[in-house]
Amino acid sequence: MIGRLNHIAIAVPDLAAAAAKYRDRLGASVGAPQALPEHGVSVIFIDTGNTKVELLEPLGANSPIAAFLEKNPAGGMHHLCFEVPDILAAIKTLEGQGARVLGDGQPRTGAHGLPVIFLHPKDFDGTLIELEQVGR
1 MIGRLNHIAI AVPDLAAAAA KYRDRLGASV GAPQALPEHG VSVIFIDTGN
51 TKVELLEPLG ANSPIAAFLE KNPAGGMHHL CFEVPDILAA IKTLEGQGAR
101 VLGDGQPRTG AHGLPVIFLH PKDFDGTLIE LEQVGR
């Protein structure tokens, strides 16, 4: 079902400072910041050639990233995102196997303008999984 690893997401308390570390210390190609109010985050993508790193900063007090940073003030890995060819088929298969889709269970538009869903971390060994539809 899953395709390639699209990105690894890291929650950070300061988006600009985190991006500067990747750019200045590691020589990475750092994208422009994007505000995603529907997800409660601001993001910057770092292109590593074979995948991306997504830096996430809370956008407002009700952001799910704010809650994550309360527990992990220095930041840390937040989720893994895998590509799928058909997100509705993936939802059907996963729910049929007992996996829980977060939110209302319906895809939302993600940072790349493509449909995404998140899967409960308790169903995947403590790791939040994002699925992103590509290629349709």
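Each residue of the sequence shown is one higher than the one before, starting from 1 at the first, in UniProt numbering. Heads up, the beta-carbon is just placed ideally off N, CA and C, and yes, glycines get one too. Predicted model, so just to flag it, every value in this text is computed and none were measured.
For residue i, which residues in the same chain have their Cβ closer than 7 Å to its Cβ, ignoring the five residues on either side in sequence?
i	result
valine 41	Leu56, Glu57, Pro58, Leu59, Ser63, Ile65
leucine 128	His78, His79, Phe118, Pro121
From residue i to residue j, what does the alpha carbon distance come to, in whole angstroms?
i	j	result
leucine 102	alanine 16	29 Å
leucine 69	histidine 39	16 Å
glycine 3	phenylalanine 82	6 Å
aspartate 125	tyrosine 22	28 Å
valine 30	alanine 61	26 Å
lysine 122	alanine 74	23 Å
leucine 36	histidine 112	11 Å
aspartate 24	lysine 71	28 Å
glutamine 97	glycine 105	15 Å
aspartate 47	proline 107	25 Å
glycine 49	threonine 93	31 Å
Within the continuous alpha helix (DSSP H) that includes residue i, where are the two ends?
i	result
leucine 69	64-71
alanine 17	15-20
glutamate 54	Note, glutamate 54: premise wrong, no alpha helix (DSSP H); beta strand (DSSP E) at 52-58.
Just to confirm the assignment, what range does the beta strand (DSSP E) spanning residue i have?
i	result
isoleucine 10	5-11
leucine 114	Run containing leucine 114: none; DSSP gives neither H nor E here.
valine 2	Per the sequence presented here, residue 2 reads as isoleucine, with valine not at that position. Unbroken run through isoleucine 2: none, as it is neither H nor E.
leucine 88	Where leucine 88 is concerned, there is no enclosing beta strand (DSSP E), although the alpha helix (DSSP H) it sits in stretches over 87-96.
phenylalanine 45	41-47
With C-beta atoms as the reference, is residue i less than 9 Å away from residue j?
i	j	result
proline 85	valine 116	no
glutamate 95	glycine 110	no
alanine 20	proline 33	no
phenylalanine 45	histidine 7	yes
threonine 51	leucine 5	yes
alanine 28	leucine 80	no
methionine 1	alanine 67	no
Answer yes or no: does any C-beta atom of chain D fall closer than 9 Å to that of residue i?
i	result
glycine 113	The chain labelled as chain D is not found in the depicted structure, where only one protein chain is given.
If I measure Cβ to Cβ from residue i and keep anything under 8 Å in the same chain, skipping five residues before and after, which residues do I get?
i	result
proline 13	Glu57, Leu69, Pro73, Ala74, Gly75
Can you give me the Cβ contacts of residue i inside the same chain, cut-off strictly under 6 Å, excluding the 5 residues immediately before and after it?
i	result
alanine 99	Leu119, Asp123
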